Amino acid sequence: MSQLFYDAAPNATRVAPEREPERVYPDKPEAVTLFGTCVVDLFFPEAGLDAIHLLEREGVRVHFPQEQSCCGQPAWTSGYRDEAKAVARAQLDILDRAGLPVVVPSGSCAGMFRHHYRALFADEPDTLRRVEALAERTFELTEFLLKVCKVQLADRGAPSKIALHTSCSARREMNTHLHARELLQQLERVERIDHDHESECCGFGGTFSVRMPEVSGAMVKDKTRSLMDSGAVEMVTADGGCLMNINGSLEKQKESFRGRHLASFLWERINGTSEGEAA
Amino acid sequence: MSQRIPVTELPSDFRGRAEGALADGQLRNNFRVAMDSLMSKRANAFPDADEREGLRELGNRIKAGALSRLPDLLEQLEQKLTENGVKVHWAETIEEANTLVHDIIEARKGNQVVKGKSMVSEEMEMNDYLAERGIECLESDMGEYIVQLDNEKPSHIIMPAIHKNARQVSKLFHDKLGEPETEDVNQLIQIGRRTLRQKFMEADVGVSGVNFAIAETGTLLLVENEGNGRMSTTVPPVHIAVTGIEKVVPNLRDVVPLVSLLTRSALGQPITTYVNLISGPRKPDELDGPEEVHLVLLDNGRSGAFADAQMRQTLNCIRCGACMNHCPVYTRVGGHTYGEVYPGPIGKIITPHMAGLDNVPDHPSASSLCGACGEVCPVKIPIPELLQRLRQENVKAPEQPQQVKGGGAKFSRRERWIWRGWQMLNTRPVLYRSFLWAATRFRALSPKKAGPWTENHSAPVPARRSLHDLAAQHLDQNGGRPS
Amino acid sequence: MSARANILGKLRNSLAGTTPRPDEFDERLVTAPWRYAPEDRIDRLRSLMEAVHTEVHPCRSDNWPELVAELLNKRNLTNLLCAPSKEHGRALQAYFEATEQKVELLAYDQPVEAWKEELFWNVEASLTGTLGGIAATGTLVLWPDRNEPRLMSLVPPVHIALLKASEIHDNLYDMMVAQDWAAGLPTNVLLVSGPSKTADIEQVLAYGAHGPRELIVLVLEDA
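So the sequences go chain by chain: D, R and X.
Numbering-wise, the first sequence is residues 11 to 289 according to my numbering.
Numbering-wise, the second sequence is residues 473 to 955 according to my numbering.
Numbering-wise, the third sequence is residues 331 to 553 according to my numbering.
Okay, here's the thing in structure tokens:
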């Protein structure tokens, strides 16, 4: 955050941070830590497992520390800073223990590590150094596969048309929409179809969906409508929160259209199967 | 077709108003169409991303530079304007500002005022204040005129009547002005033109806002497309400009990037039809222009926002409206749902300092933090970050020092305990894993109703086995080695 | 305590211990993207102004009065407000007299209060000079003065503006610097980039909201 201040005074007038230079990616590491995220953990564990498969296929050893829980985002976006900080500190300790690059199958949680932990620990210089190091070695799954592993995907599935939904924080903080598009482009028999207002939020926003259910509900209805109208047979996304929101809404509307996690989709395409929960 | 309801009769809370707006298909369609068009116009006005980003950064730095020496700049502005023959007045509150304006009108024994578009005068509720004192205060911006004629408030800061369609305007002109009904927009505008021309001629005082006040030269800059701003500031014998103290910039050259950012972000125009730079009243040898020019500098909570280095960034705002045009919440609920002068994302972060967070407690929560607003803001106000900050202020315990006026409005001991519980769950691995175990094992027992969530969604059912469980088994089998 | 003292006091208090930010104005950002070859300036200005419903006519110092007469006759206009005290006003007057034009030339030679009704309801068109033009945004720059007052370019439904090609600048910044505007501005400076318009009803563009319905620019290519 130091670049935010032109002088040291806490009451100094702030300017916007410099534009981030394009991220420079390291060589493929031998091992990584997978941070599963709480939503994937409980509701879409098969996506987490498929992420492990994808990483292992690239010859990367995957650690999954059993102490991990949630990145702290729900409390942070709800205004409960102290609670968010305590949870963030616990994850920071766990992730620092192995010190490995961290791969996250959810853009908003990766964004939490990359961007918001800095704000949480701005007042603790020592912790802030560890936070900077964590930010430096955190990768969203699609980003890691594409940019670090330089993955090559051979499509073994049947021809299909899909829509891609990207979470807002993933799009704006992690460029996930670009990485996911590039990965999907590698799949020869998959056609990615643009849907109406593609860059617009699905209405999840964590606790927004329960604090403002009327507005959030209108947003997710519009999103599911444009997904279904797009001509795609399914939706893929790399964010657990949006997936829970969109699928939950589709189910409530008694629609058969569904979304699934990009990791599961990719794993199925290159193998012709998904292990899913049965594994 | 639905009847538009004057804003004063809408439900008192954001959610209640939102519910009404969401149910109004015409209203939602009007906004969706308009916002889509404004978004694409803006995108087309910035074809080169590097140019756009460079300019936004410059805009941010000019505004931050101005704020970093705001008191000095205001004094310089005052001095230059005074030298130029403009009278400068200061007001801490809207009451003071209204009194100042009223006194100036009284001194001229005026009873007719025409107004160019001014959000600060909306903030002051100047029309009502003057009307109560027997002074007619007529809006002359077409959109504002329409809204005023229908006893409404603007629903957008750039497009005040965006919630109305031509048929509704036609009916309004028919009912209020006795004009024949027509849905031809050109004809409707000509009705407005004729009616207002007479008013410009008769008015004793013209009131306007200010887009940028230039300290170096003592100049007030106004942008507009219609010409009503020029009329209001040129025809009546007295011109009163009202503006917030944050509108001052140091140098004339600063307005080059700022005007470009403003008009391109707001309307997708490279420049507005008119950019009007006013540096004084009519000189003795000149044949038109007002004999008196006044500037009222209004605080109304701005110095409160200024006191907090993070919230100070709200004062970068140049009132372009791009944040609302790009906001998925605004697009769906419209401007009136916000119940305040400034709607949309920017309204959510500046209103608390004016009205107190306790008067707009739902505003910080009325966002999915999608970040679209921050992405398009021409002066790079980190709107999502500031919304998040206001959420913190909103739930602060009463015994903690409050940093924002009306802070702690949403504090609830029960909710605080829920988050404490959440914290405990997520910081104690044994507890968390026990929770996973129970939630997956007893998934069949998970509730069919989960509060507001199940209004829009099916009830979430945990998976059979958690990722913790699956990963442990998988990595065990493979010895943590690539398979 | 006065409101002024209170406001300034609060602001100063909030800035206590800080230093003003350095001046970071980078003029390249407002000039480099907006540079044109001299021969392209007119085209740029013209295409931008035409895109917003403005008529742009290239002409010469010796034939523009003829063009004005033609434009007025085509519209059946019966009078034109122009400044007899200006060189272009005299040139127009001379041409109109020589060719016995029926259009009446009016002068803005008294304070607006003395002839408001007539100005607002009877004047059909006006002709003014300009201080120059801006290619980047398709803009005319006017510095109204005693001879050509502020309302001259606003109230009549048709505004004809004379623009010398040599006075078209690439961008606003260049023009401000070249003419040292910062040293002092007149009572009113106007940038005009088309006829008056509004999109306040359903975002449908309508021209002639409060100011001129028509803006006609005569570019004097040899001046």
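Even glycine gets a Cβ: it sits at the ideal position worked out from N, Cα and C.
Just so we're clear, the structure is a prediction, and the values are computed from it rather than from any experiment.
Per DSSP, the continuous alpha helix (DSSP H) segment holding Ser118(D) begins and ends at 117 to 121.
In this structure, the straight-line span from the alpha carbon of Val867(R) to that of Pro873(R) is close to 12 Å.
Taking 8 Å as the cut-off, the Cβ atoms of Leu787(R) and Ala687(R) do not count as close. The same chain holds no residue with a CB closer than 6 Å to that of Asp239(D) once the five nearest residues on each side in sequence are set aside.
Residues of the stretch 456 to 481 of chain X with a C-beta atom less than 8 Å from some C-beta of chain D do not occur. Per DSSP, the unbroken alpha helix (DSSP H) holding Pro901(R) starts and ends at 901 to 913. Using a CB distance below 8 Å, no part of the stretch 415 to 431 of chain X faces chain R. When the beta-carbon positions are compared, Glu608(R) and Gln620(R) stay at least 8 Å from each other. Contact between Leu769(R) and Val505(R) does not hold, since the beta-carbon distance rounds to 38 Å and is not under 8 Å.
With a beta-carbon spacing of about 24 Å, Ser839(R) and Phe53(D) fall beyond the 8 Å limit used to define contacts. The C-beta of His946(R) comes closer than 8 Å to at least one C-beta of chain D. Rounded to whole angstroms, the separation of the alpha carbons of Asp106(D) and Pro39(D) is 16 Å. In the three-state reduction of the DSSP assignment, Lys233(D) falls in the helix class. Exposed is the label assigned to Val34(D), since fewer than 16 other Cβ atoms lie within 10 Å of its Cβ. Below the 7 Å Cβ cutoff, chain X contributes Thr348 as neighbours of Ala22(D), in chain order. Proximity of chain X to Ala19(D) at the Cβ level (cut-off 7 Å) is accounted for by Gly347, Thr348, in chain order. Here Glu385(X) is near Val547(X), since their CB atoms are less than 8 Å apart. Judged by their CB atoms, Gly681(R) and Ala713(R) are nearer to each other than the 8 Å cut-off. DSSP places Gln875(R) outside both helix and strand once states are collapsed to three, so it counts as coil. Of the candidates Trp511(X), Ile372(X), Pro414(X), Asn518(X), Ile372(X) places its Cα closest to the Cα of Ala553(X). With fewer than 16 other Cβ atoms from the protein chains shown falling within 10 Å of its own Cβ, Glu32(D) counts as exposed. Apart from sequence neighbours up to five positions away, the residues of its chain that approach Trp473(X) with a beta-carbon distance below 7 Å are Leu461, Pro516, Val519, ordered along the chain.
Across the structure, Ala437(X) and Arg754(R) are spaced so that their CA atoms are roughly 19 Å apart. For Tyr90(D), the neighbours in chain R by C-beta distance under 7 Å run, in chain order, Val867, Trp891. Straight-line measurement puts the Cα of Ala248(D) at about 8 Å from the Cα of His175(D). In the displayed model, Arg202(D) falls within a strand according to three-state DSSP. Of all residues in the stretch 600 to 633 of chain R, the ones placed with a Cβ closer than 8 Å to any Cβ belonging to chain X are Ser612, Asp613, Met614, Gly615, Ile618, Met631, Pro632, Ala633, in chain order. Taking a contact to require three or more Cβ pairs closer than 8 Å, the stretch 647 to 662 of chain R and the stretch 670 to 680 of chain R do not qualify as touching.
Proximity of Trp394(X) to chain R, defined by a Cβ-Cβ separation below 8 Å, is not satisfied. The C-beta of Arg358(X) comes no closer than 8 Å to any C-beta of chain D. Every unbroken stretch of the beta strand (DSSP E) spanning 3 or more residues and falling wholly within the stretch 742 to 808 of chain R is given here in chain order: 746 to 750, 764 to 770. Listed along chain D are Val25, Ala26, each with a C-beta nearer than 9 Å to that of Arg533(R).
The distance from the Cβ of Gly250(D) to that of Val97(D) is about 17 Å, inconsistent with a contact at the 8 Å cut-off.
Runs of the alpha helix (DSSP H) lying entirely within the stretch 235 to 274 of chain D and spanning at least 4 residues, in chain order: 250 to 262.
Cα atoms of Glu153(D) and Leu767(R): separation of roughly 54 Å, rounded to the nearest angstrom. In the structure shown, His383(X) adopts coil according to DSSP, grouped into three states.
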